[in-house]
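**Q** Chains A and B supply the protein sequences, listed in that same order.
Numbered according to our numbering, the first sequence spans residues 1081 to 1340.
Numbered according to our numbering, the second sequence spans residues 183 to 470.
By construction, the Cβ of each residue, glycine as well, lies at the ideal position given by its N, Cα and C atoms.
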Amino acid sequence: MNWNARIDVTGVSVFFPLYHGNSRSLKKTVVAAASGRLGQDKQSRVVVEALRDVSFTLASGDRLALIGGNGAGKTTLLRTIAGIYEPVMGRVRVQGSLSALLDTTLGMNIECTGRENIMLRALYGGLSRSELRRLEDDVADFAGLGDFIDLPLRTYSSGMLVRLGFAMATAIRPQILLMDEWFLAGDAEFLERAKQRLEDMVRGAEILVLSTHQTFVVQEWCTRVLWLDQGRIREDGAPDTVLASYLGHPVQPKEAVLGC
Amino acid sequence: MNHAIHGRLNTLERANVLDLKGDMSLAAGYRLGMRDIVDGLRLWHLAWTLGWLDIRLRYRGSMLGPFWLTLSTAIMVASLGVLYSTLFHTDVHEYLPFLALSQVLWGFLSTLVSEACTCFTQAEGMIRAVRMPLFLHALRMLVRNVLVLAHNVAVIVVVFIVFSVWPGWHALLALPAFALWAVDALAVALLLGAFCARFRDIAPIIGSVMMIAFFMTPVIWQPQQLGRHVVLLPFNPFYALLEIARAPLLGHTPSPETWLAAVLYSAVLCGVSWALFVRARGRIAFWI
C-alpha cells in the first residue's frame, strides 16, 4: 500500500539556542543554578528564530522552490521537513518515504569508498542483496565515477561527490525529495542528466522541495514558490508572480517549460 | 533508468508517516523515544556494518590491523603481571590469569564509557543529513567495542592456556552478565552521548572519573587484598558489574549480593538514561 505523498506544515517555529562560550559549560550552568540565575538565564537566553510560524501544505505532484536571502531559513525548513530538526512550536506531518540532499557529504563517510557508502545507504534503506547490486550499478552508471568507486571519498572532486550524492538519493526512489542548492555545483552535462532523472521522479506524482537562488531552476522545475524572509513566509504562490516581486522586476516567461 | 529501486523504506521507520509537534506531551515524547529505539534495533545490520567499518578504517593500511590492539594488550598484561606480582608478593601463576582477564574486561568498559561521550557528536554529519534513529549510533559504538574486545580475547586465551586455567562450565554464567553489560552500554551511550552533546566539558570529567574508578575497583589488585573491608566492595558499581562477568570466567560463582547490586545499578542507570533521552532526543540535532 503506497499512500500519496503529502506534507503538512502548520504554524511551525524553530529556534536555535545559541551556545557559545558559557552555556556550553556544565560548571557555569551549575554555578548559575546554585546562585539562582538559571531561571533568568533561561528567559534571556539568546536564540535565533530560524523559522517563525510557517504554514503550508504540499500534495502529490507539487514542486516547491524555497527562495530568499542567506539566513532566511531555507535550509532549516528543509531540515525540519526531513525530521532532522523537530519544531519547537507547531506541527510537521510528512507522509511518504523521504530522501534529503542537504549536505554535500550527505552523511556519507568520506574515509569509506564509494562502494562502501552505497552499501551503507542500501542497509539504511533496507534493500536486499540483489537490490544492492542494482543500486550499485545504477549509481555507478549515473555518477560516472569509473574506478573512483573503489577509492575513499576524500579523493573525490566536489563535482564527483555531488554526482554520487545525487545518484544515491534518487536511486532509491523517494516519494519526497528535498534538495539544497549545492547540487547545482555539477557541470552542465550533469545538470542536464540530473534534470532528466528528477523529472522522471516528479512525473511519478511525487513531491520536490528545493532551495535555490537561481531563477532558471525555479522557472524550469517548480510549480510553486515560497519566499522566506527572516524565517517567515513573505510570499507564497506561482513562480512567475513570486519571482517578480522577489526580484523586483517581471521575469521572462520561459517557453516550453518541460513537457510535463 | 526507469526500474527504480523502491526499497523497503515503507516497511521501515517511515511506515509511512512522520508527525512531529512542538510542545509535545510527555506520552508523545515516550512514544517517539520508544520508536527511536525500535527503529534503531531494526537497523542492526547497518549498525553492525558501521561499527565494523570503523574498525577497518582505523587500521586501514596498517600491517597487523586490529591485532595491534591484541599485541599492545599482551605487552601491557605481561609487564604489569610481572611488576605487580612482585609488588603484591603474589604468585604469578595465580595473578597473571586474573590480571589478563581483568585488564581486558576493564579496557572494554572504560573505552566504552569514553566513546559513549562522543557517540552523537561524532556522528554529526549523519545526524544532520538524514533523520535516523539516534539509537543506531549507540548500537554502532557498542558493536565497535565488542569487535575490539573480540581481538583482545586472544590474550586471555593464551594466558589461560599457558597457566592451564580452565574455568569449566562456570564460564557459561558470564553470558547473562554480558547481556546485562550490553544493555548498560546502550543506556550509557544514550545518557552520556546526549549529555556530552549539550555540555562539552563533561567528557574530560568522565575521563577522570574512570581513572579514579580504575584504581578503586579491583582490576589490578584482588578483592581479598582488602581484608575485612571487602564487604564494602558491592557499593562500587564498577566492581559489581565487573565481578559478575569476571568471577565465572575464573571458575567461581559470583555471590547473589553482587548480582543483586549489579542489577540494581543497571536498573537505575537505564531509568536515568531513558528519562534524559526522552527529553533530549529532539534537541540533540541542535546541540551537535
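Measuring only the C-alpha atoms, how far is Cys1302/A from Val370/B?
**A** Against the first sequence, residue 1302/A aligns to sequence position 222. Against the second sequence, residue 370/B aligns to sequence position 188. Near 47 Å, if we compare the C-alpha coordinates of Val370/B and Cys1302/A.
**Q** Output needed in chain order: residues of the stretch 371-392 of chain B with a Cβ under 9 Å from some Cβ in chain A.
**A** Phe377, Arg380, Phe381, Arg382, Asp383, Ile384, Ile387
**Q** Give a yes or no on contact between the stretch 1130-1141 of chain A and the stretch 1084-1096 of chain A, applying the rule of three or more CB pairs nearer than 8 Å.
**A** yes
**Q** With distance defined between alpha-carbon atoms, name the residue in Cys1192/A, Leu1233/A, Leu1203/A nearest to Ile1252/A.
**A** Translated into positions along the first sequence, residue 1252/A becomes position 172. Checked all of Cys1192/A, Leu1233/A, Leu1203/A; the closest Cα to Ile1252/A is Leu1203/A.
**Q** Report the three-state DSSP secondary structure of Met1188/A (helix, strand or coil).
**A** Residue 1188/A sits at position 108 when you count from the first residue of the first sequence. The answer is coil: DSSP assigns Met1188/A none of H, G, I, E or B.
**Q** Contact defined as beta carbons within less than 8 Å: I believe Arg1304/A pairs with Asp1183/A. What is the distance between those atoms, to the nearest angstrom?
**A** By 1-based counting over the first sequence, the position of residue 1304/A is 224. By 1-based counting over the first sequence, the position of residue 1183/A is 103. No, Arg1304/A and Asp1183/A are not in contact; Cβ-Cβ is about 25 Å, not under 8 Å.
**Q** Does DSSP classify Asp1088/A as helix, strand or coil?
**A** What you label residue 1088/A is simply residue 8 of the first sequence in a count that begins at 1. Asp1088/A: strand per DSSP, three-state reduction.
**Q** Span of the beta strand (DSSP E) holding Glu1315/A?
**A** Locating residue 1315/A in the first sequence gives position 235, counting from the first residue. First-last of the beta strand (DSSP E) with Glu1315/A: 1312-1317.
**Q** Could you pull the DSSP bridge partners for Lys203/B from this structure?
**A** By one-based count along the second sequence, residue 203/B stands at place 21. Paired residue(s): Arg1171/A.
**Q** With DSSP as the reference, label Leu228/B as helix, strand or coil.
**A** What you label residue 228/B is simply residue 46 of the second sequence in a count that begins at 1. Correct three-state label for Leu228/B: helix.
**Q** Does the CB of Met323/B have a neighbour CB from chain A at under 8 Å?
**A** On the second sequence, residue 323/B is found 141 positions in, with the first residue counted as 1. Met323/B does not count as touching chain A.
**Q** Tell me the DSSP bridge mates of Thr1137/A?
**A** Here the question's residue 1137/A lines up with position 57 in the first sequence. According to DSSP, Thr1137/A bridges with Asp1088/A.
**Q** Among the residues of its own chain, which have a CB less than 8 Å from the CB of Gln1123/A, if the five just before and after it don't count?
**A** Working through the first sequence from its first residue, we reach residue 1123/A at position 43. Because the pLDDT of Gln1123/A is 47, which lies under 50, any placement of that residue in the model is unreliable, and the number read from its coordinates should be weighed accordingly. Within the same chain, Gln1123/A has no close Cβ partners at all.
**Q** By the DSSP assignment, the alpha helix (DSSP H) with Ser292/B in it spans what residues?
**A** Stepping through the second sequence from its first residue, residue 292/B is reached at position 110. That run of the alpha helix (DSSP H) goes 274-299.
**Q** Under 8 Å between C-beta atoms, does Ser1210/A make it to chain B?
**A** By one-based count along the first sequence, residue 1210/A stands at place 130. Cβ-Cβ to chain B under 8 Å: no for Ser1210/A.
**Q** Please state whether DSSP places Met314/B in a helix, a strand or coil.
**A** As a first step, residue 314/B must be located in the second sequence, where it is residue number 132. Of the three classes helix, strand and coil, the one that applies to Met314/B here is coil, per DSSP.
**Q** Could you please give me the residues that DSSP links to Phe1096/A through a beta bridge?
**A** Taking the first residue of the first sequence as 1, we reach residue 1096/A at position 16. DSSP lists Val1128/A as partners of Phe1096/A.
**Q** Taking DSSP as the reference, what is the three-state secondary structure of Ser1291/A?
**A** Numbered from 1 along the first sequence, position 211 holds the residue referred to as residue 1291/A. Strand at Ser1291/A.
**Q** For the stretch 1172-1256 of chain A, list the beta strand (DSSP E) runs that are entirely contained and at least 3 residues long, ordered along the chain.
**A** Those beta strand (DSSP E) runs which fall completely within the stretch 1172-1256 of chain A and span 3+ residues are 1178-1181.
**Q** What does Arg1195/A touch in chain B if you count any residue whose Cβ is under 8 Å from its own?
**A** If you number the first sequence from 1, residue 1195/A lands on position 115. Chain B residues near Arg1195/A: none, gap ~12 Å exceeds 8 Å.
**Q** Please list the partners that Leu232/B has in chain A, where partner means a Cβ-to-Cβ separation under 9 Å.
**A** Within the second sequence, the letter at position 50 stands for residue 232/B. Near Leu232/B (Cβ distances below 9 Å), the residues of chain A are Asn1189, Leu1200, Leu1203.
**Q** Could you check which residue in Val391/B, Asn198/B, Leu246/B, Val413/B has the C-alpha nearest to that of His333/B?
**A** Here residue 333/B refers to the residue found at position 151 when the second sequence is read from its first residue. The candidate whose alpha carbon is nearest that of His333/B is Leu246/B.
**Q** Buried or exposed for Met393/B, please, with buried defined as at least 16 other CB atoms from any protein chain shown within 10 angstroms of its CB.
**A** Against the second sequence, residue 393/B aligns to sequence position 211. Looking at its Cβ environment, which holds fewer than 16 other Cβ atoms inside 10 Å, Met393/B is exposed.
**Q** Would you give the residue range spanned by the beta strand (DSSP E) that Arg242/B belongs to?
**A** Working through the second sequence from its first residue, we reach residue 242/B at position 60. From DSSP, Arg242/B is part of no beta strand (DSSP E); its letter is neither H nor E.
**Q** Am I right that Leu225/B and Pro315/B are in contact with their C-beta atoms under 8 Å? What's the rounded C-beta distance?
**A** As a position in the second sequence, residue 225/B is number 43, starting the count at 1. As a position in the second sequence, residue 315/B is number 133, starting the count at 1. That pair is a contact at about 7 Å.
**Q** So, is the C-beta of Glu1272/A closer than 8 Å to a C-beta in chain B?
**A** The residue given as residue 1272/A occupies position 192 in the first sequence. For Glu1272/A, the answer is no, since every Cβ of chain B falls outside 8 Å of its Cβ.
**Q** Taking all protein chains shown into account, do 16 or more other C-beta atoms lie within 10 angstroms of the C-beta of Glu276/B, making it buried, or fewer, making it exposed?
**A** Here residue 276/B refers to the residue found at position 94 of the second sequence. Glu276/B is exposed by the Cβ-count criterion.
**Q** Can you name the residues of chain B whose CB is closer than 8 Å to the CB of Ile1164/A?
**A** As a first step, residue 1164/A must be located in the first sequence, where it is residue number 84. Under a criterion of Cβ atoms nearer than 8 Å, the residues of chain B adjacent to Ile1164/A are, in order, Ile309, Arg310, Ala311, Val312, Arg313, Ala467.
**Q** Tell me whether Ile1164/A sits in a helix, a strand or coil according to DSSP, three-state version.
**A** Stepping through the first sequence from its first residue, residue 1164/A is reached at position 84. In this structure, Ile1164/A counts as coil in the three-state DSSP scheme.
**Q** Measuring CB atoms only, is the stretch 250-265 of chain B touching the stretch 227-236 of chain B, in the sense that at least three cross pairs come out at less than 8 Å?
**A** no
**Q** To the nearest angstrom, report how far apart Arg1117/A and Val1110/A are at their CA atoms.
**A** For this step, residue 1117/A is matched to residue 37 along the first sequence. For this step, residue 1110/A is matched to residue 30 along the first sequence. Below a pLDDT of 50, predicted positions are generally treated as unreliable, and Arg1117/A, at 47, falls in that range; no measurement from the model is reported.
**Q** What are the boundary residues of the beta strand (DSSP E) that Ile1347/A is part of?
**A** The requested residue 1347/A is not part of the displayed model; chain A covers only 1081 to 1340.
**Q** Can at least three beta-carbon pairs, one atom from the stretch 314-330 of chain B and one from the stretch 372-380 of chain B, be found at a separation below 8 Å?
**A** yes
**Q** Any Cβ of chain B within less than 8 Å of the Cβ of Asp1320/A?
**A** Position 240 of the first sequence, counted from the first residue, corresponds to residue 1320/A. No, because no Cβ of chain B sits closer than 8 Å to the Cβ of Asp1320/A.
**Q** Does the beta carbon of Gly204/B come closer than 8 Å to any beta carbon on chain A?
**A** Residue mapping note: residue 204/B aligns to position 22 of the second sequence, counting from 1. Chain A, which has a Cβ nearer than 8 Å to the Cβ of Gly204/B, makes this yes.
**Q** Give me the DSSP bridge partner(s) of Val1305/A.
**A** Indexing the first sequence from 1 puts residue 1305/A at position 225. Ala1145/A, Gly1317/A, per the DSSP bridge assignment.
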